[in-house]
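Read through the structure below, which is laid out as structure tokens, and then see the notes.
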Amino acid sequence: MKKISNHNEPDFFIKGILNRDVAILSRAITLVESTNSTHQLLAQQIIEGVIHKTGNSFRLGVTGVPGVGKSSFIESFGKEVVSRNHKLAVLAIDPSSTKSGGSILGDKTRMEELSTKENVYIRPSPSSGDLGGVTKSTYETILLCEAAGYDFIIVETVGVGQSEVAVSKITDFFLLLMLAGAGDELQGIKRGIMEMADALVITKADGDNLNKAKAARTEYAHAMHLFQAHESGWITRTQICSALKNEGIVDVYSMIDEYRKLTLTNNYFSKKRKDQQFHLFLNTIDEQLKNRFYSDQSIQEQIEVIKSKETIQPFAMAKQLLNGFFK
Ligand code: GDP
15 MKKISNHNEP DFFIKGILNR DVAILSRAIT LVESTNSTHQ LLAQQIIEGV IHKTGNSFRL
75 GVTGVPGVGK SSFIESFGKE VVSRNHKLAV LAIDPSSTKS GGSILGDKTR MEELSTKENV
135 YIRPSPSSGD LGGVTKSTYE TILLCEAAGY DFIIVETVGV GQSEVAVSKI TDFFLLLMLA
195 GAGDELQGIK RGIMEMADAL VITKADGDNL NKAKAARTEY AHAMHLFQAH ESGWITRTQI
255 CSALKNEGIV DVYSMIDEYR KLTLTNNYFS KKRKDQQFHL FLNTIDEQLK NRFYSDQSIQ
315 EQIEVIKSKE TIQPFAMAKQ LLNGFFK
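The sequence shown stops at residue 341 when you use this note's numbering, and every number in between is there.
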């Protein structure tokens, strides 16, 4: 008798993902994003089952302040990507949506045309959760998408906080979108973020804004010279583009392709991937240690006792608590 497959078993998901079934991929991503421990366990088993089919993509991080033109850029750029026979997945890191008003998703319909294209998968982000959790689920989502055959992954984030650091830790190339003439401070782009970028692309280089964009490109290119060269041997590029006019988009694609070829040739590509895995491994240990410590009943009680004391010796008491826990 034929065995009826159980829709809650890892095998069902593993087969579905490897068969490039988008509905099953979406359900697996929902499991990855869930905080429920049963879902987490199932998600882990699914990832283990598909891990041999992961890694074969180019992972592009795109960031910039709200209104810089991220979704317009991705719409335009994404069409270029699929025209080159890639399967494209667009994911978002957006832990800020409830706090800062910097939501990626907002109310508007995003990437309307791109989303209807074959070979494109667009996944809205989890809208809550701490950055560590969102980074983990986005990383695991990348793996699931790769196993489902997506070979070009865009991870988008709002440039308003720490999420761009997180995105740079799980992608191969970090693209920072900038407005011309708005000033770095206005855009909330810190120097550190600019230093992390593999390319600055000035958006909306059309109409009255074209000359301003060109001037900004020169200015940024100048500023970038003061930064240290990347370990990859790559020198940060500064380009302009218009998503509206579809100008400069092919150049961005070519530039990224150049980076890919350079880093594959000099082995930086695999080195960076390995460094990232090691970093995620340490981060996971960090988080698990903290979670276990703080969720321990006795630790919670001892913390309450310390809190109510007249005087607190921070270091000695912390050490005592930790020693007690790890004895
Ligand atoms: P996001 O918030 O970063 O995703 O930005 P959007 O893609 O939603 O764009 C914000 C605004 O800028 C919208 O009104 C777009 O129509 C406009 N915009 C985006 N790209 C361009 C462009 O290339 N040229 C011009 N002139 N306007 C653009």
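Just so it is clear, CB atoms sit at the ideal spot from N, CA and C, and this is done for glycine as well.
From the DSSP output, which residues share a beta bridge with residue i?
i	result
Tyr-135	Ala-103
Gly-169	Just to set this straight, residue 169 is Val in the shown sequence, not Gly. DSSP, once it has assigned bridges, lists Gly-75 and Leu-105 as partnering Val-169.
Can you grab the Cα-Cα spacing for the pair residue i / residue j, in whole Å?
i	j	result
Ile-184	Gln-290	6 Å
Ala-219	Ala-229	11 Å
Asn-99	Phe-166	10 Å
Val-181	Phe-292	15 Å
Gln-302	Glu-47	17 Å
Gln-311	Ile-60	32 Å
His-21	Thr-52	14 Å
Asp-271	Ile-156	20 Å
Ala-330	Arg-306	21 Å
Leu-294	Arg-287	11 Å
Phe-340	Ile-313	11 Å
Glu-89	Pro-80	16 Å
Ile-28	Gln-327	52 Å
Leu-336	Glu-132	54 Å
Thinking C-alpha only, which one of the options is nearest residue i?
i	options	result
Ser-86	Ala-42, Glu-170, Phe-26 and Phe-241	Glu-170
Asn-297	Tyr-153, Gln-58 and Glu-272	Tyr-153
His-66	Leu-240, Ala-332 and Gly-163	Gly-163
Glu-94	Phe-295, Ile-263, Arg-231 and Thr-250	Ile-263
Val-215	Thr-252, Glu-245, Phe-187 and Lys-226	Thr-252
Val-36	Val-82, Ala-103 and Trp-248	Ala-103
Pro-138	Arg-124, Gly-146 and Thr-130	Arg-124
Ser-71	Gly-78, Cys-159, Glu-126 and Ser-129	Cys-159
Met-210	Ile-313, Phe-187 and Ala-194	Phe-187
His-244	Met-208, Asn-50 and Ile-88	Met-208
Val-96	Tyr-273, Ser-129, Lys-84 and Glu-178	Ser-129
Val-148	Leu-189, Leu-105 and Glu-126	Leu-105
Gln-12	His-236, Ile-38, Ala-42 and Gly-206	For residue 12 there is no data in the structure shown, the boundaries of the chain being 15 and 341.
Around the Cβ of residue i, are there at least 16 other Cβ atoms within 10 angstroms (buried) or fewer (exposed)?
i	result
Gly-30	buried
Pro-24	buried
Lys-113	For Lys-113, the pLDDT reaches just 45, beneath the cut-off of 50, and the residue's location in the model is therefore unreliable, leaving the point undetermined.
Ile-107	buried
Ser-256	buried
Leu-45	buried
Ser-7	Because the chain here runs from 15 to 341, residue 7 falls outside it and cannot be looked at.
Gly-338	exposed
Entirely enclosed alpha helix (DSSP H) segments - the segment 31-93, minimum 4 residues | 36-47 and 51-64
3 or more residues per run - each beta strand (DSSP E) lying fully within the segment 246-303 = 251-254
Secondary structure, alpha helix (DSSP H): runs of 4+ residues fully inside the segment 175-249 | 177-182, 205-210 and 224-238
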